[in-house]
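2 protein chains.
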Amino acid sequence: MTQRKSPPVTQRAIAEALGVSVATVSLALRDSPLIRAETRERVQRHVREVGYVRNRAATALRTGRTRIIGVAFHDIVHPFLAEMLSATEARLSEAGEAIFVNSHDDDMARQARFIDSLLQHDADGLILSPALGTREADLEAFRAQGGAVVLIVRSIPGTTLDHVVNDDAACMRLATRHLLGLGHERVLMLGGKPGTTTADGRYRGFCEAVREAGGAVGADDWIAGFSKRLEAHSAVKALWAERSDPPTAIACFNDLVAFGAMSALADLGLEVGRDVAVVGIDDTDEAQVSFPPLTTVTNNARAIGEQAVEILRARLADPDAPPMQVSLQPEISVRRSCGAGAR
Amino acid sequence: MTQRKSPPVTQRAIAEALGVSVATVSLALRDSPLIRAETRERVQRHVREVGYVRNRAATALRTGRTRIIGVAFHDIVHPFLAEMLSATEARLSEAGEAIFVNSHDDDMARQARFIDSLLQHDADGLILSPALGTREADLEAFRAQGGAVVLIVRSIPGTTLDHVVNDDAACMRLATRHLLGLGHERVLMLGGKPGTTTADGRYRGFCEAVREAGGAVGADDWIAGFSKRLEAHSAVKALWAERSDPPTAIACFNDLVAFGAMSALADLGLEVGRDVAVVGIDDTDEAQVSFPPLTTVTNNARAIGEQAVEILRARLADPDAPPMQVSLQPEISVRRSCGAGAR
DNA sequence: AACGCATATTTAATCGTTAAAATTTTAGCT
DNA sequence: AGCTAAAATTTTAACGATTAAATATGCGTT
Numbered sequence: 492m493t494q495r496k497s498p499p500v501t502q503r504a505i506a507e508a509l510g511v512s513v514a515t516v517s518l519a520l521r522d523s524p525l526i527r528a529e530t531r532e533r534v535q536r537h538v539r540e541v542g543y544v545r546n547r548a549a550t551a552l553r554t555g556r557t558r559i560i561g562v563a564f565h566d567i568v569h570p571f572l573a574e575m576l577s578a579t580e581a582r583l584s585e586a587g588e589a590i591f592v593n594s595h596d597d598d599m600a601r602q603a604r605f606i607d608s609l610l611q612h613d614a615d616g617l618i619l620s621p622a623l624g625t626r627e628a629d630l631e632a633f634r635a636q637g638g639a640v641v642l643i644v645r646s647i648p649g650t651t652l653d654h655v656v657n658d659d660a661a662c663m664r665l666a667t668r669h670l671l672g673l674g675h676e677r678v679l680m681l682g683g684k685p686g687t688t689t690a691d692g693r694y695r696g697f698c699e700a701v702r703e704a705g706g707a708v709g710a711d712d713w714i715a716g717f718s719k720r721l722e723a724h725s726a727v728k729a730l731w732a733e734r735s736d737p738p739t740a741i742a743c744f745n746d747l748v749a750f751g752a753m754s755a756l757a758d759l760g761l762e763v764g765r766d767v768a769v770v771g772i773d774d775t776d777e778a779q780v781s782f783p784p785l786t787t788v789t790n791n792a793r794a795i796g797e798q799a800v801e802i803l804r805a806r807l808a809d810p811d812a813p814p815m816q817v818s819l820q821p822e823i824s825v826r827r828s829c830g831a832g833a834r
Numbered sequence: 492m493t494q495r496k497s498p499p500v501t502q503r504a505i506a507e508a509l510g511v512s513v514a515t516v517s518l519a520l521r522d523s524p525l526i527r528a529e530t531r532e533r534v535q536r537h538v539r540e541v542g543y544v545r546n547r548a549a550t551a552l553r554t555g556r557t558r559i560i561g562v563a564f565h566d567i568v569h570p571f572l573a574e575m576l577s578a579t580e581a582r583l584s585e586a587g588e589a590i591f592v593n594s595h596d597d598d599m600a601r602q603a604r605f606i607d608s609l610l611q612h613d614a615d616g617l618i619l620s621p622a623l624g625t626r627e628a629d630l631e632a633f634r635a636q637g638g639a640v641v642l643i644v645r646s647i648p649g650t651t652l653d654h655v656v657n658d659d660a661a662c663m664r665l666a667t668r669h670l671l672g673l674g675h676e677r678v679l680m681l682g683g684k685p686g687t688t689t690a691d692g693r694y695r696g697f698c699e700a701v702r703e704a705g706g707a708v709g710a711d712d713w714i715a716g717f718s719k720r721l722e723a724h725s726a727v728k729a730l731w732a733e734r735s736d737p738p739t740a741i742a743c744f745n746d747l748v749a750f751g752a753m754s755a756l757a758d759l760g761l762e763v764g765r766d767v768a769v770v771g772i773d774d775t776d777e778a779q780v781s782f783p784p785l786t787t788v789t790n791n792a793r794a795i796g797e798q799a800v801e802i803l804r805a806r807l808a809d810p811d812a813p814p815m816q817v818s819l820q821p822e823i824s825v826r827r828s829c830g831a832g833a834r
């Protein structure tokens with residue numbers, strides 16, 4: 492009862508019990524054709540009976556492969572990223588890979604600490620949405636050690652590293668065009684952290700859409716620096732307090748920002764879809780049942796996560812393959828928040 | 492340039508470069524008092540220069556300690572649990588611990604696979620919200636190997652395992668009492684998965700509150716089996732379609748369910764707070780800016796996660812300490828969804 | 001019966017680190 | 001200078017698995 496930490500069952504113990512050598516056990520456990528079928532089964536049956544568990548530290552020491560994959564995002568609480576983490580976790584773990592997780596919150600020090608941890612534990616790969624300010628050099632040590640890196644959601648400008656991202660410019664171009672197409676002239680972009688490829692890409696798309704419609708983009712037309720609900724809520728409140736001619740349409744950096752904006756507008760007594768049009772990006776679950784339902788650009792979080800896993804696998808299999816960079820094309824899902832939808 | 496996988500810098504390499512033994516290096520790196528201060532610094536300086544990284548697999552093999560902690564929740568996308576995961580991750584990783592993550596989605600097989608992975612990698616501990624149906628025996632192998640287990644959010648009935656949970660009965664008692672106190676007579680409990688200690692505990696609290704007010708609980712008064720937004724939305728739609736005298740107040744299993752319910756009610760043309768009262772549990776960010784703002788029972792996700800980490804530490808330090816079981820007392824945060832709040 | 005060859009198994013070295021025991025160096029004291 | 005005790009360092013043997021090389025066994029052929 493007070494028995495803590497029973498001595499572990501090792502291959503040596505199994506070998507002794509069966510009267511064979513450890514090498515035989517090791518080979519049998521890995522289904523090596525070097526071992527006679529009968530022996531292999533004898534070993535495997537016995538192993539099942541005594542509940543042997545392979546010691547991965549020992550395996551790792553010998554082989555250099557750990558089957559550990561790091562997954563680090565800038566914010567695992569954000570529903571879009573949480574969904575993506577969940578998808579990558581499911582995919583990796585069903586293949587027997589272990590996942591080291593990190594939410595660095597755009598803090599380079601935390602990201603660096605995580606990478607160092609991967610280094611120490613000798614992880615095989617890393618799926619990363621890089622913290623603001625990350626350069627390729629920050630990943631060099633890990634890569635030099637043989638680690639495969641796949642960037643996700645965000646990339647690094649000009650990198651040849653593998654990545655899976657949205658075509659961010661296209662996302663926002665789509666959203667903004669939709670608003671302009673509905674006749675709006677004062678369109679605002681709300682949210683996003685400048686310096687990230689997502690925010691900068693989306694701003695680029697925003698500008699392109701405005702200009703191709705013959706408009707001009709002013710310095711005030713992007714309210715930036717945040718990407719969450721509460722902050723967006725405050726920002727909209729502040730905006731309407733200080734501007735005499737507030738925008739008639741808001742192209743939001745993501746759905747969460749859109750929800751925050753919509754709740755602020757409701758508090759201000761404005762009706763979203765009639766008085767102000769709002770469009771988001773991500774198509775989270777909530778968009779279907781928000782009030783009003785949110786017009787948003789579709790980004791399939793799970794699909795992105797799964798793609799990243801595929802690419803990581805491919806990279807692990809062939810470290811010298813040419814760069815694999817995927818950029819996903821968006822679609823728009825029109826609902827009522829933009830004032831155009833059904834009903 | 493094509494140089495992949497540079498040979499790792501080992502303690503042996505450092506020892507040779509410095510003309511000392513590996514033991515000296517090993518001890519110096521761990522700040523052992525057995526080593527002369529001068530030597531220690533010489534080693535540490537050199538180590539910094541050449542970028543040595545300790546191989547944890549080797550350390551683990553020798554010491555049996557890995558500094559790996561498993562964290563498994565039933566749904567890491569749920570904002571409440573995501574927040575908790577984020578908090579535990581932050582706490583653990585700042586102390587140099589690595590986090591293996593898993594979202595088992597109440598699938599015992601996935602949970603079992605994760606625990607097996609912890610076993611193989613010889614994790615030191617596990618923070619777990621157990622999948623529906625988990626028994627103490629399912630954790631026995633891990634504990635026998637020396638792993639410390641702390642249950643979180645959900646527990647196992649009658650267990651002596653360490654845990655940090657909300658006083659679920661008290662949470663729901665508080666919510667229900669509040670609604671009854673406002674004069675409602677047809678109160679419904681919405682959401683939760685029977686068989687989990689959270690749902691069963693909350694239902695118990697619901698019943699207690701109804702009975703202490705002189706009411707009776709009918710079989711129809713708990714609509715159960717889900718805990719997310721979209722499912723709650725559909726459930727409420729269905730409910731209003733089929734019942735002639737729908738409830739006047741809904742005590743929701745959690746905030747997400749409350750949001751789903753509120754959006755459904757809005758679709759039905761009902762005004763939350765006037766026509767129907769809604770109360771949630773969790774006090775997520777969104778509750779402050781939902782429409783209307785949600786009256787909810789406060790559960791501090793981050794605090795729970797941090798407590799669990801503390802307890803895990805304590806357990807690791809003293810495996811034979813008596814059971815540590817924390818049950819957090821709730822408070823209610825009254826806003827407008829219940830019809831009682833300001834304005 | 002002797003040989004070669006294929007098949008099956010074992011031996012022994014190794015991965016990088018730690019820690020107990022052994023050894024060397026230094027310092028303190030008479 | 002000589003001796004002892006303390007301090008500093010090294011030697012050595014693990015930890016549990018994998019794998020190249022060596023050995024043993026069985027089989028068919030001549």
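Protein chains in written order, with my numbering: chain A, 492 to 834; chain B, 492 to 834.
The beta carbon of each residue, even a glycine, is placed where N, CA and C say it ideally should be.
Query - Beta carbon proximity, Gly672 (chain A) to chain B, threshold 8 Å - result: no
Requested in this report: Check whether the Cβ of His565 (chain B) lies closer than 8 Å to any Cβ atom in chain A.
Outcome: Interface flag for His565 (chain B) against chain A is unset, since no Cβ pair is found closer than 8 Å.
Query raised in the report: Three or more C-beta pairs closer than 8 Å, one from the stretch 686-694 of chain B and one from the stretch 721-728 of chain B: is that the case here?
Result: no
Query raised in the report: Among residues of its own chain, excluding the 5 on either side of Ala508 (chain B), which ones have a beta-carbon nearer than 6 Å to its beta-carbon?
Result: When the five nearest sequence neighbours on each side are left out, no beta carbon in the same chain lies closer than 6 Å to the beta carbon of Ala508 (chain B).
Query - Partner residues on chain B for Phe782 (chain A), Cβ-Cβ distance less than 7 Å - result: Against Phe782 (chain A), the close residues of chain B are Ser754, Ala757, Phe782, in the order they occur along the chain (beta-carbon pairs closer than 7 Å).
Query raised in the report: Along chain A, in chain order, which residues have C-beta atoms closer than 8 Å to that of Ile590 (chain B)?
Result: Phe591, Val592, Asn593
Query raised in the report: Based on the DSSP output, what are the partners of Phe591 (chain B) in its beta bridges?
Result: A:Phe591, B:Gly561.
Query raised in the report: To the nearest whole angstrom, what separates the beta carbons of Thr775 (chain B) and Asp746 (chain B), a pair I think is in contact under 8 Å?
Result: The Cβ separation is near 5 Å, so the contact holds.
Query raised in the report: What does DSSP give as the partner residues of Trp713 (chain B) in its beta bridges?
Result: B:Met680
Requested in this report: With a 10 Å radius around its C-beta and 16 neighbouring C-beta atoms as the bar for buried, classify Val541 (chain B) as buried or exposed.
Outcome: exposed
Report task. Spell out the partners DSSP gives Leu617 (chain A) in its beta bridges. Result -> A:Gly561, A:Val640
Requested in this report: Assess, as a yes-or-no matter, whether the stretch 789-808 of chain A is touched by the stretch 638-654 of chain A under the definition of 3 or more beta carbon pairs within less than 8 Å.
Outcome: yes
Query - Asp596 (chain B), DSSP secondary structure in three states - result: coil
Query raised in the report: Using 8 Å as the limit for Cβ to Cβ distance, is Ala632 (chain B) near chain A?
Result: yes
Query raised in the report: Quick one: which chain A residues come within Cβ less than 8 Å of Phe605 (chain B)?
Result: Ser584
Query - Members of the stretch 514-530 of chain B that neighbour chain A once the beta carbon cut-off is set at 8 Å - result: Against chain A - using a Cβ distance shorter than 8 Å - the stretch 514-530 of chain B contributes no residues.
Requested in this report: Could you check what DSSP says for Gln816 (chain B) in three-state terms: helix, strand or coil?
Outcome: strand
Query raised in the report: Buried or exposed: where does Arg734 (chain B) fall if 16 or more other Cβ atoms within 10 Å of its Cβ makes it buried?
Result: exposed
Query raised in the report: Cβ atoms of Asn790 (chain B) and Ile772 (chain B): under 8 Å apart, would you say?
Result: Yes. Within cutoff.
Query - Spatial distance of Thr501 (chain A) from Gln611 (chain B) (CA atoms) - result: 12 Å
Report task. Helix, strand or coil for Cys743 (chain A), going by three-state DSSP, please let me know. Result -> strand
Query - Coil, strand or helix - Thr775 (chain B) by DSSP - result: coil
Query raised in the report: Are there 16 or more other CB atoms within 10 angstroms of the CB of Gly796 (chain A), so buried, or fewer, so exposed?
Result: buried
Query raised in the report: For the ligand GDP, any of its heavy atoms closer than 7 Å to the Cβ of Thr530 (chain A)?
Result: With respect to the ligand GDP, the structure shown offers nothing to examine, as it has no ligands at all.
Query - Top-ranked residue by Cα proximity to Thr667 (chain A), from A:Leu576, A:Ser523, A:Arg702 - result: A:Arg702
Query raised in the report: Is Glu540 (chain B) close to chain A, meaning its C-beta is less than 8 Å from at least one C-beta of that chain?
Result: Chain A, which has no Cβ nearer than 8 Å to the Cβ of Glu540 (chain B), makes this no.
Report task. Kindly indicate the opening and closing residues of the beta strand (DSSP E) around His569 (chain B). Result -> The continuous stretches of beta strand (DSSP E) do not include His569 (chain B), and DSSP gives it neither H nor E.
**Report entry** Beta carbon proximity, Arg545 (chain A) to chain B, threshold 8 Å
**Finding:** yes
Query raised in the report: Of the residues A:Gly830, A:Ile823, A:Ser497, A:Arg827, which one's Cα is nearest the Cα of Cys662 (chain A)?
Result: For the residues A:Gly830, A:Ile823, A:Ser497, A:Arg827, the minimum Cα distance to Cys662 (chain A) belongs to A:Ile823.
**Report entry** Own chain partners of Ile590 (chain B) with C-beta closer than 7 Å, once the 5 adjacent residues on each side are dropped
**Finding:** Answer for Ile590 (chain B): Ile560, Val562, Glu580, Leu583, Ser584, listed in chain order.
Report task. Grab the span of the beta strand (DSSP E) containing Arg736 (chain A) for me, first residue to last. Result -> According to the sequence as given, residue 736 (chain A) is Asp; it is not Arg. Element bounds for Asp736 (chain A): n/a, residue is neither H nor E.
Query raised in the report: Is it buried or exposed for Ser512 (chain A), if we count other Cβ within 10 angstroms and need 16 for buried?
Result: exposed
Report task. Mind listing the chain B neighbours of Leu785 (chain A)? Cutoff is C-beta to C-beta under 8 Å, in chain order. Result -> Those within 8 Å of Leu785 (chain A) in chain B number zero; the least Cβ separation is about 11 Å.
Query raised in the report: In the DSSP assignment, what are the bridge partners of Glu822 (chain A)?
Result: A:Thr789
Query raised in the report: Who are the neighbours of Asp776 (chain A) on chain B, taking C-beta pairs under 7 Å?
Result: Residues of chain B with a Cβ closer than 7 Å to the Cβ of Asp776 (chain A) are, in chain order, Arg720, Leu721.
Query raised in the report: From Leu576 (chain B) to Leu630 (chain B), what does the alpha carbon distance come to, in whole angstroms?
Result: 20 Å
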